[in-house]
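Asker:
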Amino acid sequence: MNHHSPPESLLPPEPDAQVGLVFRRLAGVRETYGEPALDRAVRATLVTLGRVAHEEAEAQARHLAERLAPPRPGVRVTSTARRHDADAFETGEDR
Numbered sequence: 001m002n003h004h005s006p007p008e009s010l011l012p013p014e015p016d017a018q019v020g021l022v023f024r025r026l027a028g029v030r031e032t033y034g035e036p037a038l039d040r041a042v043r044a045t046l047v048t049l050g051r052v053a054h055e056e057a058e059a060q061a062r063h064l065a066e067r068l069a070p071p072r073p074g075v076r077v078t079s080t081a082r083r084h085d086a087d088a089f090e091t092g093e094d095r
């Protein structure tokens with residue numbers, strides 16, 4: 001989150017309402033400051049949307065790459081691994 005983002009309490013919880021808020025803000029810029037300001041606001045909004053979409057795509061690609069990466073060599077510890085009694089190794093006895 002950057003310093004220009006509104007606090008979470010100012011955002012409506014529903015995604016459709018959040019999109020509506022963006023349109024209301026853009027309409028407010030047009031009414032208050034005129035067409036040139038609206039043009040700048042729309043361009044800035046599109047740049048921001050593009051940046052966020054790019055960041056999300058990179059995050060999803062990293063997640064997918066981690067899931068599809070070949071297993072790392074070495075000892076793998078799992079919760080279902082076969083357990084051995086340490087004493088059995090020392091004495092050579094199986095329990």
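Read left to right, the sequence shown gives residues 1 to 95 (UniProt numbering).
Built from N, CA and C at the ideal position, the CB exists for glycine as well.
1. Rounded to a whole number of angstroms, what is the C-alpha to C-alpha distance between Phe23 and Ser9?
2. Does Met1 come out as helix, strand or coil in the three-state DSSP assignment?
3. Counting only runs of 4+ residues fully inside the region 15 to 40, write out the alpha helix (DSSP H) ranges in chain order.
4. Beta-carbon separation of Arg25 and Ala41 under 9 Å?
5. Can you check whether the CB of Pro12 is closer than 9 Å to the CB of Gly20?
6. Hey, how far is the Cα of Ala61 from the Cα of Arg51?
7. Out of curiosity, what's the CA-to-CA distance linking Met1 and Arg43?
Answerer: Answer, in terms of the structure:
1. 19 Å
2. For Met1, the pLDDT reaches just 44, beneath the cut-off of 50, and the residue's location in the model is therefore unreliable, leaving the point undetermined.
3. 15 to 33
4. yes
5. Contact: yes.
6. 15 Å
7. Only weak support is given to the placement of Met1: the predicted model assigns it a pLDDT of 44, under 50, and the question is left unresolved by the model.
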